[in-house]
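For reference, the structure is listed below as structure tokens.
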DNA sequence: CCCATATATTTTAAGCTTGAAATAAATCCG
DNA sequence: CGGATTTATTTCAAGCTTAAAATATATGGG
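Protein chains in written order, with our numbering: chain F, 1 to 160; chain H, 161 to 320.
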């Protein structure tokens with residue numbers, strides 16, 4: 001039986017490559033639009049929005065390393081974004097007691113209110129950009145994409 | 161009849177938002193993996209690969225502005241990446257005759273050969289990452305995503 | 001021809017991003 | 001306890017990215 005061979009150069013491989021290019025283009029198109037809106041309407045940026053959004057889901061705050069993991073960006077990156085948000089007064093850094101290495105980052109009251117305003121608009125922008133999908137389609141697509149974003153998902157294949 | 165109202169706060173809107181977050185996560189996961197492989201195995205980067213890939217599809221070369229449009233990145237961005245590729249000897253910049261403002265960028269023989277080696281591996285990496293989709297699924301997903309990446313796609317709705 | 005406007009590209013400043021090195025503190029274990 | 005190792009975070013250098021300003025050239029209309 002001739003199944004599941006090298007995954008390179010065959011037709012499935014080409015189709016997956018095309019899928020990746022589409023995904024990338026879609027992502028760039030959406031990001032460009034969101035970035036533009038955040039900038040012109042709120043003087044903010046996508047990375048800052050992402051941090052605020054993550055913190056909004058955790059009222060008790062998140063450690064730097066948790067932020068970094070949730071957002072899938074490097075530690076050093078989070079340091080810089082949080083610095084700017086602190087300067088803006090949107091978040092505060094709180095020492096974690098019991099571990100003097102760690103820092104918990106948390107929305108300020110002001111940051112929380114600010115985020116609520118951003119988020120409301122943001123949802124509308126996204127919904128418009130994805131307006132060609134009805135609820136069912138959106139859910140179905142999201143479910144299919146889930147398997148990619150999962151960590152360790154080589155789908156039963158051996159590690160590489 | 162109660163159709164197609166504000167697209168905000170309703171269930172479809174939430175589903176689309178989840179879809180966007182999934183798309184973003186999938187994209188980050190794939191990019192992280194590809195970046196890592198390009199770096200460790202070829203000492204290269206994703207932006208450089210993207211430029212080489214675009215040029216490879218156009219043997220006669222592309223103008224800076226065409227590159228910028230195809231890749232969906234800013235003009236100034238392309239300037240920098242091409243600069244580094246020129247330094248690497250992978251591409252050359254050729255004056256366009258008839259228009260002294262414009263520049264055509266083209267793979268060198270060396271760059272072309274280099275790209276062929278990268279591309280072969282790249283296809284394998286992508287195919288592995290998307291291994292959970294068979295050919296048909298990959299094509300179907302790509303087709304559905306197509307509508308997002310299209311320019312001007314507000315789906316019949318008025319401009320915003 | 002000359003000026004106004006448009007187009008192609010580069011430059012610039014600021015911010016984002018990474019991977020690696022540096023710090024600092026916590027934990028492990030002999 | 002005390003040294004080795006691990007963990008949390010920051011710093012750093014390099015590269016990527018954008019938007020806006022600057023440059024240079026082309027084009028269109030008097």
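Ideal Cβ positions, reconstructed from N, Cα and C, are used throughout, including at glycine.
Close CB contacts of residue 33 of chain F within its chain, under the 8 angstroms cut and outside five residues either way in sequence, are with 125, 129 (chain order). CA-CA distance, residue 279 of chain H to residue 141 of chain F, rounds to 28 angstroms.
Neighbours of residue 141 of chain F across chain H, judged by C-beta separation under 9 angstroms: 179, 182, 183, 301, 304, 305. Per DSSP, the unbroken alpha helix (DSSP H) holding residue 138 of chain F starts and ends at 135-149.
Contacts between residue 26 of chain F and chain H, judged by CB atoms closer than 7 angstroms, involve 183, 305, 308, 309 in chain order.
Shortest Cα-Cα distance from residue 107 of chain F to any of F:47, F:58, F:135 involves F:58.
Counting along the chain, the unbroken beta strand (DSSP E) around residue 95 of chain F starts and ends at 91-96. Here residue 246 of chain H is not bridged, per DSSP, to any residue. If you draw a straight line from the Cα of residue 189 of chain H to the Cα of residue 256 of chain H, it comes to about 39 angstroms.
Residue state for residue 39 of chain F is assigned as helix, using DSSP reduced to three classes. Around the beta carbon of residue 87 of chain F, fewer than 16 other beta carbons sit within 10 angstroms, so the residue counts as exposed.
Taking C-beta separations shorter than 8 angstroms and ignoring five residues to either side along the sequence, the partners of residue 234 of chain H in its chain run 228, following chain order. Using beta-carbon distances, residue 129 of chain F counts as an interface residue toward chain H, with a partner under 8 angstroms.
Considering only F:16, F:27, F:46, the residue with the shortest C-alpha distance to residue 81 of chain F is F:46. In chain order, 283, 287 make up the part of chain H whose C-beta sits under 7 angstroms from the C-beta of residue 13 of chain F. Taking a beta-carbon distance threshold of 8 angstroms, residue 211 of chain H does not count as an interface residue toward chain F.
In chain order, 264, 265, 266 place their CB closer than 6 angstroms to the CB of residue 221 of chain H, counting only its own chain and leaving out the 5 sequence neighbours on each side. At least one CB atom of chain F sits nearer than 8 angstroms to the CB of residue 292 of chain H. Taken through DSSP and simplified to helix, strand or coil, residue 279 of chain H comes out as helix.
According to the DSSP assignment, residue 48 of chain F belongs to no beta strand (DSSP E) but to the alpha helix (DSSP H) extending over 46-56.
Look at residue 286 of chain H here: in three-state DSSP terms it is helix. Against residue 298 of chain H, the close residues of chain F are 12, 15, 16, 18, 19, in the order they occur along the chain (beta-carbon pairs closer than 8 angstroms). Distance check between residue 48 of chain F and each of F:9, F:22, F:122 places F:122 closest, using alpha-carbon atoms only. Between residue 183 of chain H and residue 26 of chain F, the C-beta spacing is below 8 angstroms. Taking 8 angstroms as the threshold, the shortest C-beta distance from residue 135 of chain F to chain H falls below it.
Listed by position along chain F, the residues whose Cβ is nearer than 8 angstroms to that of residue 232 of chain H are 25, 28, 29, 32. Collapsing the DSSP output to three states places residue 232 of chain H in coil. In the structure shown, the three-state DSSP call for residue 261 of chain H is coil.
The criterion of a C-beta distance shorter than 8 angstroms is not satisfied by residue 177 of chain H and residue 149 of chain F.
A direct Cα-to-Cα measurement between residue 213 of chain H and residue 237 of chain H gives close to 16 angstroms.
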